[in-house]
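**Student:** Pasting a structure here, questions to come.
This is the structure we're talking about:
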């Protein structure tokens, strides 16, 4: 099976960077791509308040869903209250991992109530900071969630709670020979150069970009194995080491203060595993040609 890609946009809330998002949305519509949108039910994270709130936000979310775009529940309030890395051990902060069952039930139930109020059925969960634990999974299963967009596996797997993990392993376009690869984008700090690069790379990869529902429908019910766990850990470690080396490289070649601005690639870096920096849209690798 040749590689298939899914595009995911995180931190979608009433105060997202609408100037950037409107341009990105136009690109997605022009190329007839149905992305995954990680929608924050009740944003309380000041870091995500980068523009004036759109009073028609939930109207827009319902319109996206009518287009066939996948809406995922991105936590509850996007507030990090613990330093627990959770199952994936990506970031040292979490909205859920490490909390009691009662606390997690309360948060997730409130998030579900908001989605229900806005007439948005949702069975896909996307954890802020990629951090959640076994208690989170158990509560999600009880609330009827069937899917998670996360994990470093090469293909979707089903865990002991009967939740399918559709893996999310990339933060920029990268060629892969096979498997399912979700690219996670954070657009709030994008420049016009980033938008142009995103458009160019998306057009080049278009033949291999699929949609969440198609991947789920075509993926066999495959139980998680020890090999999956090991492969995921190896991939995560390799990604973190690669990002660390890249960050050190850019620090070495960056101009001294007062002698010029940072390079575009460094300035437009996006957060990846463990908070490391990965080029937001840059790629120099071969482009796949498989149709979605």
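Residue numbers (the working numbering): 11 to 302. Glycine is no exception: its CB is placed at the ideal position from the N, C-alpha and C atoms.
Quick one: complete beta strand (DSSP E) runs, 3+ long, within the stretch 67-107?
**Tutor:** Runs of the beta strand (DSSP E) inside the stretch 67-107: 80-83.
**Student:** Using the beta-carbon count (16 or more within 10 Å), is residue 267 buried or exposed?
**Tutor:** Any answer about residue 267 is weak, because its pLDDT of 38 lies below 50 and its placement is not dependable; what the coordinates show is given next. With fewer than 16 other Cβ atoms within 10 Å, it is exposed.
**Student:** Relative to the alpha-carbon of residue 108, which residue among 100, 38 and 144 has its alpha-carbon at the smallest distance?
**Tutor:** Looking at the Cα atoms, 144 is the closest of the given residues.
**Student:** Let me know if residue 164 comes out buried or exposed under the rule of 16 or more other beta-carbons within 10 Å of its beta-carbon.
**Tutor:** With 16 or more Cβ atoms within 10 Å of its Cβ, residue 164 is classed as buried.
**Student:** Going by the CB atoms, is the gap between residue 96 and residue 155 shorter than 8 Å?
**Tutor:** Not closer than 8 Å, so no.
**Student:** Which of the three DSSP states is assigned to residue 279 in this structure?
**Tutor:** Because the pLDDT at residue 279 is just 34, under 50, the model does not fix this residue reliably, and the point stays unresolved.
**Student:** Does the stretch 166-176 come close enough to the stretch 194-213 to have 3 or more Cβ pairs within less than 8 Å?
**Tutor:** Contact fails: fewer than three Cβ-Cβ distances are below 8 Å.
**Student:** Distance, Cα to Cα, residue 44 vs residue 79?
**Tutor:** Cα to Cα, the separation comes out at about 5 Å.
**Student:** Mind checking which residues open and close the alpha helix (DSSP H) that includes residue 28?
**Tutor:** Residues 28-40.
**Student:** How long is the line joining the alpha carbons of residue 39 and residue 196, rounded to whole angstroms?
**Tutor:** Taking the straight line from one Cα to the other gives about 18 Å.
**Student:** For residue 212, is the classification buried or exposed, using 16 other Cβ atoms within 10 angstroms of its Cβ as the cut-off for buried?
**Tutor:** Under this definition residue 212 is a buried residue.
**Student:** When you compare each of 58, 168 and 67 to residue 125 by their alpha carbons, which one comes out closest?
**Tutor:** If we check each option's Cα against that of residue 125, 67 comes out closest.
**Student:** Threshold first: 4 residues or longer. Then list the alpha helix (DSSP H) segments lying entirely within the stretch 108-178, N to C.
**Tutor:** Whole alpha helix (DSSP H) segments, 4+ residues: 111-127 and 144-152.
**Student:** If distances are taken between C-alpha atoms only, which option among 47, 104, 62 and 88 comes closest to residue 77?
**Tutor:** The shortest Cα separation from residue 77 among 47, 104, 62 and 88 belongs to 47.
**Student:** Assuming contact is defined by CB atoms lying nearer than 8 Å, are residue 14 and residue 220 in contact in what I supplied?
**Tutor:** For residue 14 and residue 220, yes; Cβs fall inside 8 Å.
**Student:** Going by CA-CA distance only, name the one from 69, 104 and 71 that's closest to residue 86.
**Tutor:** If we check each option's Cα against that of residue 86, 104 comes out closest.
**Student:** Is the beta carbon of residue 53 closer than 8 Å to that of residue 198?
**Tutor:** No, the pair does not count as a contact, with Cβ atoms beyond the cut-off.
**Student:** Skipping 5 residues on each side, what residues in its chain have a beta carbon closer than 8 Å to that of residue 153?
**Tutor:** Cβ neighbours of residue 153 beyond the five flanking positions: 118, 119 and 122.
**Student:** Between 185, 12 and 23, which lies nearest to residue 309 when the distance is taken from Cα to Cα?
**Tutor:** Residue 309 lies beyond the range of the chain shown here (11 to 302); nothing can be said about it.
**Student:** Specify, as a first and last residue, the run of the beta strand (DSSP E) that residue 17 falls within.
**Tutor:** First-last of the beta strand (DSSP E) with residue 17: 14-22.
**Student:** Helix or strand or just coil, what does DSSP make of residue 193?
**Tutor:** Three-state DSSP puts residue 193 in a strand.
**Student:** Flag this pair as yes or no: are the beta carbons of residue 225 and residue 98 separated by less than 8 Å?
**Tutor:** In this structure, residue 98 does not lie closer than 8 Å to residue 225 by Cβ.
**Student:** Nearest by alpha-carbon distance to residue 210: which of 41, 229 and 61 is it?
**Tutor:** Of 41, 229 and 61, the residue nearest in Cα terms is 41.
**Student:** Rounded to the nearest angstrom, what separates residue 135 and residue 83 at their Cα positions?
**Tutor:** Approximately 5 Å between the Cα atoms of the pair.
**Student:** Quick one: what does DSSP say residue 62 is sitting in, helix, strand or coil?
**Tutor:** It is coil, neither helix nor strand.
**Student:** Skipping 5 residues on each side, what residues in its chain have a beta carbon closer than 6 Å to that of residue 216?
**Tutor:** So the qualifying residues of the chain are 41.
**Student:** Measure from the alpha carbon of residue 33 to the alpha carbon of each residue in 162, 207 and 218, then state which is nearest.
**Tutor:** Ranking 162, 207 and 218 by Cα distance to residue 33 puts 207 first.
**Student:** Can you give me the start and stop residues for the alpha helix (DSSP H) that residue 205 sits inside?
**Tutor:** Here the alpha helix (DSSP H) through residue 205 covers 202-215.
**Student:** Expressed to the nearest angstrom, what Euclidean distance is found between the alpha-carbon atoms of residue 29 and residue 21?
**Tutor:** If you take the alpha carbons of residue 29 and residue 21, they lie about 15 Å apart.
**Student:** Contact criterion: CB-CB distance below 8 Å. Does residue 78 meet it with respect to chain C?
**Tutor:** Checking the listed chains, one finds no chain C in this structure; it contains a single protein chain.
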